[in-house]
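Undergrad: First residue of the sequence shown: 3, per my numbering; consecutive thereafter. For every residue, glycine included, the Cβ atom is placed at its ideal position computed from N, Cα and C. I am attaching a structure below and will ask some questions about it afterwards.
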Amino acid sequence: EALMAELSELVQKVVKSSSWWERGKEGCRMCAWPRSCPAGFSTGFLCLRSAQAIPFLVGVLTLGVVHHTLTVKGSHLASHNALTESKSWGKVWAIFFIELCSAFTAEQATYNHVKIHHGYTNVIGLGDSSTWKLPFLNRYVYMFIAPLAVPIITPLVALDLLRNVEWKAALRTLCCMFLGLYCHYWLLLHVSGFQSTWSALLCMLLTRSLLAHPYIHVNIFQHIGLPMFAADRKPKRIHLMSLGVLNLPRNALLDWSFGHSLISCHVEHHLFPSLSDNMCLKIKPIVSQYLKQKKLPYNEDTYTSRLWLFLQRYEELMVHAPPITELVGI
């Protein structure tokens, strides 16, 4: 762990020299913006009142981006308690973003993502991203049609996972999920002026699945297809993360909606998961330079390249069990 300790020391120097705002609160501001700013929050619903195509589409796009900023970026950072230095407020943000906005369970989201995925990244049977695999679907259905069902599948999966939490937490989650979904529905009826239940529900599905395709793609592109390890032979942390995690290029829309830690700084995020989104971006040059100096992998690839790879090798990557990688001499 000498390499990890050395890299951590370099990163901590940057963190300590950064402002309180850079260390955590900027991520909170970015995620809370669509709800806290009346103009940003109301634009989407008001545009949906229009009978004209262009304003209506602007409303759909605005609400879609707002939704994914809250549910993907906000929930992800909240699960790591990266929005605030207070554990109490961290719990509040997790309930708000994960349960109220995302219709999921905060306890299970935090456990499965932080404890399992991050704790055992690319370890077969644990954090190997196999939960994203649906072998019964062919490549085109999985990559291009199935993502549209994410807004429906998410609360259903949450309901199933509630069996694993205590009844008080389950009751809270159910109330938050219902409140979040009902508020969205109510606003479409009373602010946007939808005349029927089905039209409002269809609009909910449309806005909540607007960026579902890149959401699914990003989650599989950055781990599946990279080295996988057996639980009893996994390498040290710095080798595990440098080998099993991949960065995508910066993208204005995805950086805003998903966050740097999920797109262009995913390697940095896996090495230092408690850092804020902004800090992951700030330490990126240090991490990349250090890994390259030590002759360790620093995986990077484009979105289109990964998409083409998964379409070409779908059965190998998404259907069959991955081969086990064994490192010699480390």
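Would you identify the three-state DSSP class for V159, choosing helix, strand or coil?
TA: Reading the sequence shown from its first residue, position 157 is the one you call residue 159. Helix, per DSSP.
Undergrad: Return the Cβ separation of L65 and G46 in integer angstroms, given the expectation that the two are a contact with Cβ distance under 8 Å.
TA: Here residue 65 is taken as the residue at index 63 of the sequence shown, counted from 1. Here residue 46 is taken as the residue at index 44 of the sequence shown, counted from 1. Between G46 and L65 the Cβ distance is about 4 Å, and since that is below 8 Å, they are a contact.
Undergrad: Does DSSP classify I147 as helix, strand or coil?
TA: As a first step, residue 147 must be located in the sequence shown, where it is residue number 145. Residue state, collapsed to three classes: helix.
Undergrad: Under three-state DSSP, which class holds E302?
TA: In the sequence shown, counting from the first residue as 1, residue 302 sits at position 300. Strand at E302.
Undergrad: Considering only the beta carbon of each residue, do E109 and V167 sit closer than 8 Å?
TA: Counted from its first residue, the sequence shown places residue 109 at position 107. Counted from its first residue, the sequence shown places residue 167 at position 165. For E109 and V167, yes; Cβs fall inside 8 Å.
Undergrad: Could you tell me which residues DSSP puts in a beta bridge with R231?
TA: Residue numbering aside, residue 231 sits at position 229 when the sequence shown is read from its first letter. First, the amino acid is wrong: residue 231 is Phe here, not Arg. Per DSSP, V125.
Undergrad: Do you know how far the Cα of T107 is from the Cα of S278?
TA: As a first step, residue 278 is located in the sequence shown; it is residue number 276 there, counting from the start. As a first step, residue 107 is located in the sequence shown; it is residue number 105 there, counting from the start. Straight-line Cα distance between these residues: approximately 22 Å.
Undergrad: Is the CB-CB distance between E302 and L248 below 8 Å?
TA: Position 300 of the sequence shown, counted from the start, is the residue given in the question as residue 302. Position 246 of the sequence shown, counted from the start, is the residue given in the question as residue 248. Cβ distance < 8 Å, so E302 and L248 count as in contact.
Undergrad: Taking the alpha carbon of S131 as the reference point, which residue from A96, N221 and T71 has its own alpha carbon closest?
TA: In the sequence shown, the residue the question calls residue 131 occupies position 129. Just measuring C-alpha positions, the residue of A96, N221 and T71 sitting nearest S131 is N221.
Undergrad: Candidates L245, L283 and E317: which alpha carbon is nearest V125's?
TA: Within the sequence shown, the letter at position 123 stands for residue 125. The residue with the shortest Cα to Cα distance from V125 is L245.
Undergrad: Starting from C205, follow the alpha helix (DSSP H) in both directions and report where the run begins and ends.
TA: Residue mapping note: residue 205 aligns to position 203 of the sequence shown, counting from 1. From DSSP, the alpha helix (DSSP H) with C205 extends over T199 to R210.
Undergrad: Enumerate in chain order the residues of its own chain whose CB-to-CB distance from R308 is below 7 Å, with the five nearest sequence positions on each side excluded.
TA: Position 306 of the sequence shown holds residue 308. Around R308: F223.
Undergrad: Pull up the distance between the alpha-carbon of Y300 and that of P157, whole angstroms please.
TA: Within the sequence shown, numbered from 1, the residue matching residue 300 stands at position 298. Within the sequence shown, numbered from 1, the residue matching residue 157 stands at position 155. Taking the straight line joining both Cα atoms gives about 35 Å.
Undergrad: Below 8 Å on the Cβ atoms is my contact criterion, and I expect C178 with E101 to pass it. Report the Cβ-Cβ distance as a whole number of Å.
TA: Here residue 178 refers to the residue found at position 176 of the sequence shown. Here residue 101 refers to the residue found at position 99 of the sequence shown. Sure, about 4 Å apart at Cβ, within 8 Å.
Undergrad: For the alpha helix (DSSP H) that G76 lies in, which residues bound it at each end?
TA: Position 74 of the sequence shown holds residue 76. Looking at the DSSP string, G76 is not in any alpha helix (DSSP H), and its letter there is neither H nor E.
Undergrad: Using DSSP with H/G/I as helix, E/B as strand and the rest coil, what is K18?
TA: Here residue 18 refers to the residue found at position 16 when the sequence shown is read from its first residue. The answer is helix: DSSP assigns K18 an H, G or I state.
Undergrad: Determine the burial state of T133: buried for a count of at least 16 other Cβ atoms within 10 Å of its Cβ, exposed for fewer.
TA: The sequence position of residue 133 within the sequence shown is 131, counting from 1. The residue in question, T133, is exposed, as its Cβ has fewer than 16 Cβ neighbours within 10 Å.
Undergrad: With S263 and H78 assumed to form a contact (beta carbons below 8 Å), what rounded beta-carbon distance in angstroms separates them?
TA: As a working mapping, residue 263 is identified with position 261 in the sequence shown. As a working mapping, residue 78 is identified with position 76 in the sequence shown. Cβ atoms of S263 and H78 come within 8 Å of each other, at about 7 Å.
Undergrad: Tell me, please, which residues DSSP counts as bridged to I390.
TA: The structure shown does not extend to residue 390, since the chain spans only 3 to 332, so no value can be given for it.
Undergrad: What's the C-alpha gap between G29 and A80?
TA: Residue mapping note: residue 29 aligns to position 27 of the sequence shown, counting from 1. Residue mapping note: residue 80 aligns to position 78 of the sequence shown, counting from 1. Because the pLDDT at G29 is just 49, under 50, the model does not fix this residue reliably, and the point stays unresolved.
Undergrad: Suppose you measure from the CA of L293 to the CA of V94; what does that come to, to the nearest Å?
TA: As a working note, residue 293 is residue 291 in the sequence shown. As a working note, residue 94 is residue 92 in the sequence shown. Distance between L293 and V94, taken at the CA atoms: about 36 Å.
Undergrad: Please report the residue range of the alpha helix (DSSP H) in which H215 lies.
TA: For the purposes of this step, residue 215 is taken as residue 213 along the sequence shown, with counting starting at 1. That run of the alpha helix (DSSP H) goes A214 to F223.
Undergrad: Starting from P287 and walking both ways along the alpha helix (DSSP H), at which residues does that stretch end?
TA: As a first step, residue 287 is located in the sequence shown; it is residue number 285 there, counting from the start. It spans D279 to Q295 - the alpha helix (DSSP H) in which P287 sits, taken as one unbroken run.
Undergrad: Smallest Cα separation from L85: which of E318, A323, C282 and E317?
TA: Within the sequence shown, residue 85 is the residue found at index 83, counting from 1. Closest by alpha carbon: C282.
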